[in-house]
Each structure stands twice: as C-alpha cells, then as structure tokens.
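Just so you know, the UniProt record's numbering puts 364 at position 364 of the sequence shown, and the rest follows in order with no gaps. Just below is one structure, and these are the notes that go with it.
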Amino acid sequence: MRNFVSRMAAEIPPSGIRKFFDLLLTMDNVISLGVGEPDFDTPWNISQAAISSIEKGMTMYTSNRGLAELRELLAADLDHRYHTKYCPETEMIVTTGVSEALDVAVRAVVDPGDEVLVVDPCFVSYQPEVLMAGGRPKPLPCRAQDQFKITPEALMESVTPKTKVLMMNFPNNPTGGVMGESDLKAIADIVVDHDLLVLSDEVYGELTYDGHHVSTASIDGLWDRTITLNGFSKAYAMTGWRLGYICAPKEIADAALKIHQYVMMSAPTTAQFAAIEALKNGEEAKNEMVAEYRMRRNLFVKGLNDVGLPCHLPKGAFYAFPSIEGTGLTDEEFAEQLLKEQHVAVVPGSAFGESGRGHVRTCYAVDRAKLSEAVHRIGMFVASLHS
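Below, the structure is given as structure tokens:
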C-alpha cells in the first residue's frame with residue numbers, strides 16, 4: 001500500500017514543546033513553568049454573558065467576518081488604545097483564535113517560493129505555517145544583548161530581494177521582549193524601502209508592563225503594509241474560548257476572508273458574545289491580572305538572577321528567558337535534568353529557534369508561592385552542577 005501522508009506533513013517537525021509536557025504528565029509534584037497560558041479563570045461576567053447567549057438560543061452561525069457588534073467594539077477599542085483605525089465592515093475578521101488568524105493571514109499573502117523573515121526566537125508555529133503555505137522561512141536573529149528586539153542592522157543583514165513578508169511577535173513569546181515606538185520607527189524605512197509586508201502578532205500587547213504597547217500599524221508608513229493579529233486569550237484569560245482577529249487593508253482582508261470562509265465558516269458564536277462582554281466590562285479584571293503578572297515578573301526574574309541564571313527584565317508577555325550557558329549544559333539537557341531532578345518544567349530555548357539556544361523559556365503565569373518554590377528548586381539544581 002502506498003504512503004498516503006503528504007510530503008509537506010511528513011517533513012514538518014513536531015513541536016519542540018510537546019515532549020516535555022508529555023514527560024511531566026508521568027510525574028508527581030511538578031511545578032510547570034512551561035505552559036504559556038494564564039492561570040486565572042475567565043472573569044465571571046464574561047463567562048456569564050456566554051452562558052446567557054446559549055440560554056437565549058443564540059447558537060447559530062454568525063457572519064463570516066464575525067458579529068457586527070463585536071467588530072465595531074474592536075475597532076473602537078483599537079483606535080482608543082493604539083490609535084489604529086480599521087473599518088469593521090471591510091478590514092476586520094474574527095477568527096478561531098490567533099492560531100487560525102496566523103494560518104489564514106499567511107496563506108492569503110505567501111506564494112510558493114516567497115521568502116518570509118521570521119523573528120527568532122519565535123513561537124513554534126510560525127515557521128511551519130510558512131512552510132505549509134509553500135513559503136521559505138528565514139530566521140531574523142534577535143539577541144539577548146539587544147533585549148531580543150529587531151535591530152535595523154539585523155534586518156538589513158537578513159533581507160534579500162526575494163523577501164516578501166516580515167513576520168514578528170511583540171511582546172514576544174518566548175523572550176518577553178518588546179518593540180517600542182522608536183524601535184519600530186528605526187526599521188520602518190527598511191520595510192518601506194524593500195517593499196515588505198509586516199505580519200505583526202500582537203496577542204500579548206495588553207500585557208505590557210513598562211509603558212504602553214505600540215502597534216506596528218500605528219507607525220507612519222506602515223498601516224497599509226501591516227497585517228495585525230490579536231485576540232482575547234492572554235489579556236482576558238480566555239485561551240480555551242478560541243477567539244482572535246485579523247486587521248488588514250481591505251484587499252488583504254478580502255483574500256484572508258475567502259480562506260477563512262472555506263476552512264472555518266465563522267468563529268465560535270458563544271465565544272463572540274463573551275468577547276463583547278470582555279470589551280464592554282472587562283477592563284478592571286484585565287488590569288488586575290496584568291498588575292499581578294507584573295509583581296510575579298519582578299519576583300521571579302530577581303530570583304533567577306540571584307541563583308545564577310542571567311535574565312533580562314522582560315517588558316511584556318508573561319515569560320522570562322534566562323541564559324543557562326554558564327551551567328555547562330545545553331538548553332535541552334538543562335530542561336530534561338531540571339525536570340527529572342527537581343520536578344520543575346521549563347522549555348528549551350532552541351525549541352523557538354536558533355537564537356533561543358542557550359536559554360530556557362519560563363512562564364510566570366503561576367501563583368507566587370509556586371514561583372518562589374520553583375526558584376528555590378532551580379537554585380538547588382544550579383548549585384548541584386557546581387558542587
């Protein structure tokens with residue numbers, strides 16, 4: 001019998017995160033710093049709005065673009081928060097999570113053979129998404145000494161005449177790095193001069209701790225060459241609700257909508273009603289969660305540095321990305337031995353790209369008591385390597 005698996009599916013590597021999750025499921029008393037999702041429950045008023053919509057029988061398909069009320073609220077919120085203006089009727093699509101938004105956006109603009117610069121380190125799905133669209137992903141290195149930002153020098157060294165798209169994610173998963181207004185302005189001329197499209201995943205935008213998030217599309221000259229991806233998972237503790245959105249110029253949004261229509265029809269109706277409530281009445285709960293993340297960040301990053309793992313202070317998301325090079329172990333060896341010996345789960349930085357090698361991703365969306373215990377265990381592990 002022939003092999004029915006496609007060449008593309010066979011050649012895409014599995015997620016570098018999964019094997020550590022599979023291993024920790026076989027162990028007891030594990031503190032997991034590996035799962036990238038909030039540890040808070042979805043605020044009750046948001047869940048209640050969803051329950052009410054079900055009780056009222058509002059469970060049918062919505063418009064392919066999503067509920068009109070939700071898109072109008074999103075447009076107003078983005079204008080107020082980031083000074084980016086989008087038409088809710090023609091330039092916005094509600095999607096089944098930011099994962100679908102990423103897939104649809106990439107397939108809408110990438111042709112076979114197109115070169116796509118992918119910020120490195122990056123979330124594990126970025127390069128596979130480009131490959132599945134027939135494109136050629138090329139890592140754009142972001143270094144610890146630059147606080148994991150894109151520098152103009154790195155962009156100039158990486159861009160070629162074949163480059164079509166710059167794919168980036170700030171605040172960044174896994175590093176917590178951010179791109180401020182001056183950072184984005186510093187690369188804007190390069191983007192324009194080389195006629196690039198920017199695909200900007202900003203799902204962690206509202207989890208910015210020092211200053212405010214700056215949306216790529218708000219920078220002069222970049223609105224009409226930017227696709228913005230965002231969602232409700234991180235800021236509102238709604239990961240399982242699977243709701244994201246795409247904002248883009250009409251021509252690109254129309255192309256993305258055609259793909260969305262065929263693969264998804266419409267985003268979950270119940271989740272859309274929950275999102276409406278989040279935008280109307282979720283600000284206080286969101287701010288409380290962000291304040292707690294900030295306190296955890298300060299506690300945890302200080303602890304990592306104190307036990308001998310150099311770590312820059314991440315300005316966004318809920319990840320710390322310490323260097324483990326001084327331990328003499330590779331990042332995979334460090335993660336495996338730490339899990340087996342001290343029952344603390346982290347993710348090797350190399351799972352997120354070559355620039356992540358020598359680091360580990362740690363998620364501090366964990367209560368403070370567990371974070372303190374995790375730091376204690378990590379400290380014992382590091383000390384044992386030098387004894």
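From the three backbone atoms N, C-alpha and C, an ideal C-beta is built for every residue, glycine too.
Per-residue DSSP class, three states only, for residue i
i      : result
Asn172 : coil
Glu157 : helix
Asn74  : Just to set this straight, residue 74 is Leu in the shown sequence, not Asn. Here Leu74 sits in helix by DSSP.
Asn230 : strand
Ser6   : coil
His359 : strand
Ile259 : helix
Thr163 : strand
Pro348 : strand
Limits of the unbroken alpha helix (DSSP H) element including residue i
i           : result
Thr270      : 269 to 281
Val98       : 97 to 109
Ile46       : 44 to 55
residue 400 : Residue 400 lies beyond the range of the chain shown here (1 to 387); nothing can be said about it.
Pro322      : No alpha helix (DSSP H) holds Pro322; DSSP gives it neither H nor E.
Ile378      : 368 to 385
Gln337      : 331 to 342
Tyr126      : 126 to 132
Cβ distance (whole Å) where residue i is taken to contact residue j below 8 Å
i      : j      : result
Thr228 : Cys247 : 4 Å
Glu332 : Pro310 : 19 Å between Cβ atoms; not a contact.
Phe170 : Met156 : Between Met156 and Phe170 the Cβ distance is about 19 Å, and since that is not below 8 Å, they are no contact.
Val130 : Val106 : 6 Å
Val165 : Val110 : 6 Å
Val360 : Phe334 : 6 Å
Lys250 : Thr90  : 5 Å
Thr42  : Ala217 : Wrong, their Cβ atoms sit about 28 Å apart, outside the cutoff.
Ala320 : Leu304 : 6 Å
Ala108 : Ala255 : 4 Å
Arg294 : Tyr204 : Not quite, the Cβ-Cβ distance comes to about 13 Å (not below 8 Å), so this is no contact.
Val192 : Gly221 : 5 Å
Separation of residue j from residue i, as counted between CA atoms
i           : j      : result
Ala345      : Gly57  : 42 Å
Thr175      : Ile54  : 39 Å
Ala383      : Val366 : 24 Å
Leu338      : Val118 : 30 Å
residue 402 : Gly379 : Absent from the model: residue 402. The displayed extent of the chain is 1 to 387, so no value can be given.
Asp120      : Ala351 : 11 Å
Closer than 7 Å: residue i CB and nearest the ligand SAH heavy atom
i      : result
Glu333 : Within the structure as shown, the ligand SAH is missing, as the structure has no ligands at all.
N-terminal and C-terminal residue of the beta strand (DSSP E) that residue i is part of
i      : result
Ile246 : 244 to 247
Lys138 : 136 to 141
Asp114 : Where Asp114 is concerned, there is no enclosing beta strand (DSSP E), given that its DSSP letter is neither H nor E.
Val198 : 197 to 201
Original post:
Should the segment 141 to 154 be regarded as contacting the segment 231 to 239, the criterion being three or more beta carbon pairs within less than 8 Å?
Top reply: no
**OP:** Could you tell me whether the segment 178 to 192 touches the segment 130 to 139, where touching means 3 or more Cβ pairs closer than 8 Å?
**Re:** no
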